[in-house]
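Below is one structure; the comments refer to it alone.
2 protein chains.
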Amino acid sequence: MAPTSSWIPNISPASDFSLANIPFGIVSTSPSSSPSAAIAIGDHVLDLKALFESENDLTPVYPGVDITSLKEAFSQPTLNAFAQLGRPVHRVVRTGIQDLLREDTPFSSILKDNEPLKQKALLPQRAVKMHLPMAIGDYTDFYAGYHHAYAVGVMFRGPENALQPNYMHLPVGYHGRASSIVVSGTPIHRPVGQILLDPKAEPKVPVTGPTRKLDIELELGCFIARGNRMGEAIDVKEAEEYIFGYVLLNDWSARDIQTWEYVPLGPFNGKNFASTISPWVVLADALEPFRAKGIENTTELQEYLKEGREEGVFDIRLEVDLTTAEGDTTTIGRTSSKHLLWSFPQMIAHHTLGGCPMRPGDLLGSGTISGPGGIGERGSLLEMNEAGKREVLLCGMDARTFLKDGDTVTLRGSCGTDGARVGFGACTGRIFSAAPRK
Amino acid sequence: MAPTSSWIPNISPASDFSLANIPFGIVSTSPSSSPSAAIAIGDHVLDLKALFESENDLTPVYPGVDITSLKEAFSQPTLNAFAQLGRPVHRVVRTGIQDLLREDTPFSSILKDNEPLKQKALLPQRAVKMHLPMAIGDYTDFYAGYHHAYAVGVMFRGPENALQPNYMHLPVGYHGRASSIVVSGTPIHRPVGQILLDPKAEPKVPVTGPTRKLDIELELGCFIARGNRMGEAIDVKEAEEYIFGYVLLNDWSARDIQTWEYVPLGPFNGKNFASTISPWVVLADALEPFRAKGIENTTELQEYLKEGREEGVFDIRLEVDLTTAEGDTTTIGRTSSKHLLWSFPQMIAHHTLGGCPMRPGDLLGSGTISGPGGIGERGSLLEMNEAGKREVLLCGMDARTFLKDGDTVTLRGSCGTDGARVGFGACTGRIFSAAPRK
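Protein sequences, first through last, are from chains A and B.
Once you know that position 408 of the first sequence is 408 in the UniProt record's numbering, the rest is easy, because the numbers rise by one and skip nothing.
Once you know that position 71 of the second sequence is 71 in the UniProt record's numbering, the rest is easy, because the numbers rise by one and skip nothing.
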């Protein structure tokens, strides 16, 4: 699609929210109003509840779509009802909103030339509060970032045994904690946990205290639109139709807590204290122009994982910024979401192979994404500091092995060229000291 | 409490649902009616929606409780709203229902002598359909059954390394899948998954097919009543107040799928295809008279795990029945829920140590419960068959290593003596062949 321009004022060419994007989120427009759906365009949001409650006949904008069901969906405090309408509806709705917002809009009377409605529905982003976009039933975190899995494997088991024998055969994943997923901007309290200070001492006796190794994980998150019936697998070739859209995901990790607890059943308190997602869900369709080949897997795949296409992933430029309490920001990691061994359709096919039911609003994490290159391409501090052996240098003469109280971490991600960018906005969280026990 | 009798007809002395119990569930009374709350008494259910919608003044039955909030809670399709009212309210409500149902009820005009209301609200259990009692936000499965953890550890790592170094220091657990928790009676489809047929062959190449090692896990499940704020831990000494009640839990497991997938992030498709719970939630108060000492832990515990009491667990008689397609039933396991190393308050304190938020309706599993004795006290087939080395003998000249299609597994659990039993009823599931791919 050629980048066309919008009549919305002052859209920066560098904005993640160009007319080519139209991501969906949940906003409240005043302290007393209940949260409802909106889209982002430039520095503005378009309040979809206000738009659909107006007197306008929106039927020509959304041909073939039941306007009443949209109106109902957009008045909800989550996007689940909209997600459930299915990808063909999302497509029509996104295109319709683009038509409303284009410079040469065929529907200028509906919004562009309708001052009272613009006053009501078109608001500066800074004037609204963002909420978690979906009610998340279950959250699953995969481990599809090959370079991350390999680098961490080398640290713990050496290069010969870096990857487990199953790694190239199936998308390894585990069930995460849905209740602690928070929207960008939510304060993150340094978790307290059991820690083994000296792993070599015998007997092994832990202490309890705030984590000394608070880390980030740069991930892409995928929201499910449609569920499957329990007992019925989703075919990898049909899995795209079950996807609603994508967010950035910071899977905060306490490495010392995780190391002591995770054998044999996997990560638990080292991860379940918080995971932050970006507030705007970029629809699956908006990312279609940015498909890319993932990491080549020369292993002969099981039939149910064969996608029959090469470009299963997206080439999203990803960045990690660390801002100190003093306000100095350093970009400590730059990579791309193409560095995945498994695509989300493959993860969905694997997840449902045994009949596990997906529900609308379920969240899948890609696993930490790191590039094949040097330290600057890593998606976690653990990799950047080579398991604590070196410091990550920051501007302002500062350095980190792991996060300090007062640090703010911001993930960013975008595709496309200036003026037609498709991006996520910021996924940010600031670290606060461990909460005192009650 | 002395076992007093009820005016409800024909309560068998062996019934799990004596007047001493009063467990809560969600029923629908006809195909067209929406599910709502009920309690079980003998072979009957008392429809709480019908009771609270009647013209009676229930204020004297539930002193100090807001009747409107109860009426609203009992008309919901889950018990979450009731659970959120808190344990002091549950206590008053249970006692009030006991008062309505006692032979010498002080409130005979409300139900005992009120034929029209009895017709409407008091129904045979066989006439109602049971539903999942709670909307489950997150499900966590612990591993607190010491004898199970030890026996399985010996099989995989030998007696020297049977238990990991963390096992005696913290309640090991992992996040399970909430979407595949089903109510007793739901058919269980044999899951398809990746399986490594010959673990010794190199290179390791899996096949995809129905599990050959379908197993059960006998567990106690604990429902959360109240949540904590994110970032704030629940004190082990206050954790009882966060508990709503208990169910039996069969954590179906596909051992071959699990073995291939579970390193390094834990069980996934080997578990997430289905977990079955018993339909009636036995309130925490109903189990109080059956407190017992758990397995002694001579390890010096971290402060946050010190309960300051000896009797942290319950002595519930547990049984596993296997019924073949031909209809022959064998009790293959008998044990007690006292064989736990960690209490649920300890699990809750550990789970929230880093600030992970609990929400009403969250489910915690104890982990498989096995006794210290022989084969007959084990809570999984994996232990009974000694990792596939011997068959479990059934009546009718039959035998099993793992489950066959057509088998039905029923868990049972109860405390107390005849006439005053507090039990769960059946937690049952029948195995069907793997669902065909669409």
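Each residue gets a CB set at the ideal place from its N, CA and C atoms; glycine is no exception.
For residue i: DSSP bridge partner residues
i: D113 of chain B; result: In the DSSP output, where bridge partners are listed per residue, D113 of chain B has none listed.
i: V192 of chain A; result: A:P210
i: I369 of chain A; result: Answer is none; I369 of chain A lacks a bridge partner.
i: I67 of chain B; result: Beta-bridge pairing links I67 of chain B to no other residue.
i: K129 of chain B; result: B:S28
i: A38 of chain A; result: A:G25 and A:D47
i: D321 of chain B; result: B:T331 and B:T410
i: T428 of chain A; result: A:T410
i: T219 of chain B; result: According to the sequence displayed, residue 219 of chain B carries Glu and not Thr. Bridge partners of E219 of chain B: B:L249.
i: H175 of chain B; result: B:T140
i: S336 of chain A; result: A:R317
i: T276 of chain B; result: B:V182 and B:N250
Cβ of residue i within 8 Å of any chain A Cβ
i: E261 of chain B; result: yes
i: P191 of chain B; result: yes
i: K438 of chain B; result: Confidence is the limiting factor: at K438 of chain B the pLDDT is only 49, short of 50, which leaves the residue's position unreliable, though a coordinate-based value still follows. With 8 Å as the cut-off, K438 of chain B counts as an interface residue toward chain A.
i: Q84 of chain B; result: no
i: Q302 of chain B; result: yes
i: Y242 of chain B; result: no
i: Y246 of chain B; result: no
i: L382 of chain B; result: no
i: A20 of chain B; result: no
Interface residues of chain B facing residue i [CB-CB closer than 9 Å]
i: L214 of chain A; result: Near L214 of chain A there are no residues of chain B at all, since even the closest Cβ is about 11 Å away, more than 9 Å.
Inter-residue CB distance, residue i and residue j (contact presumed, cutoff 8 Å)
i: I431 of chain B; j: I188 of chain B; result: 5 Å
i: I277 of chain B; j: L248 of chain B; result: 7 Å
i: D256 of chain A; j: T330 of chain A; result: Not quite, the Cβ-Cβ distance comes to about 24 Å (not below 8 Å), so this is no contact.
i: V152 of chain A; j: L382 of chain A; result: 7 Å
i: D215 of chain B; j: R94 of chain B; result: About 35 Å separates the two Cβ atoms, so there is no contact after all.
i: G423 of chain B; j: D328 of chain B; result: Not a contact, Cβ separation roughly 24 Å.
i: P360 of chain A; j: I224 of chain A; result: 6 Å
i: G312 of chain A; j: A254 of chain A; result: Actually they are not in contact, since the Cβ atoms of G312 of chain A and A254 of chain A sit about 32 Å apart, beyond 8 Å.
i: G294 of chain B; j: L341 of chain B; result: 6 Å
i: S275 of chain B; j: I195 of chain B; result: No, S275 of chain B and I195 of chain B are not in contact; Cβ-Cβ is about 21 Å, not under 8 Å.
Under 7 Å by beta carbon: chain B residues contacting residue i
i: residue 449 of chain A; result: The structure shown has nothing for residue 449 of chain A, since chain A only spans 1 to 438.
i: N166 of chain A; result: W260 and E261
i: P357 of chain A; result: S179 and S180
Beta-carbon neighbours of residue i, restricted to chain A and to distances below 7 Å
i: L170 of chain B; result: Q194 and E261
i: G266 of chain B; result: Y174, L265 and G266
i: K204 of chain B; result: P165
i: Y143 of chain B; result: L265
Residue-level contact to chain B via CB, residue i, 8 Å cutoff
i: T208 of chain A; result: yes
i: N269 of chain A; result: yes
i: P35 of chain A; result: no
Chain A contact residues for residue i, given Cβ-Cβ distances below 9 Å
i: residue 454 of chain B; result: Nothing about residue 454 of chain B can be read from this structure; chain B reaches only from 1 to 438.
Interface residues of chain A facing residue i [CB-CB closer than 8 Å]
i: A254 of chain B; result: G354
Under 8 Å from the C-beta of residue i: neighbouring residues of chain E
i: I257 of chain B; result: Judged by its chain identifiers, the structure shown contains no chain E, and its protein chains are A and B.
Item to check | Stretch pair the region 229-238 of chain B + the region 191-203 of chain B: three plus CB contacts closer than 8 Å | outcome: no
Next on the checklist: Within 8 Å, do at least three Cβ pairs link the region 328-342 of chain A to the region 254-267 of chain A?
Outcome noted: no
Next on the checklist: Tell me whether the region 413-422 of chain B and the region 7-23 of chain B touch, counting them as touching only if at least three CB pairs, one residue from each stretch, are closer than 8 Å.
Outcome noted: Contact holds: three or more Cβ-Cβ distances are below 8 Å.
Checklist entry - Are there three or more Cβ pairs, one per stretch, closer than 8 Å when the region 55-68 of chain A is compared with the region 19-27 of chain B? => result No, because fewer than three Cβ pairs between the region 55-68 of chain A and the region 19-27 of chain B fall closer than 8 Å, the two stretches do not touch.
Checklist entry - Do three or more CB pairs link the region 74-88 of chain B to the region 139-146 of chain B at distances below 8 Å? => result no
Checklist entry - Between the region 109-125 of chain B and the region 44-51 of chain B, do three or more beta carbon pairs fall short of 8 Å? => result yes
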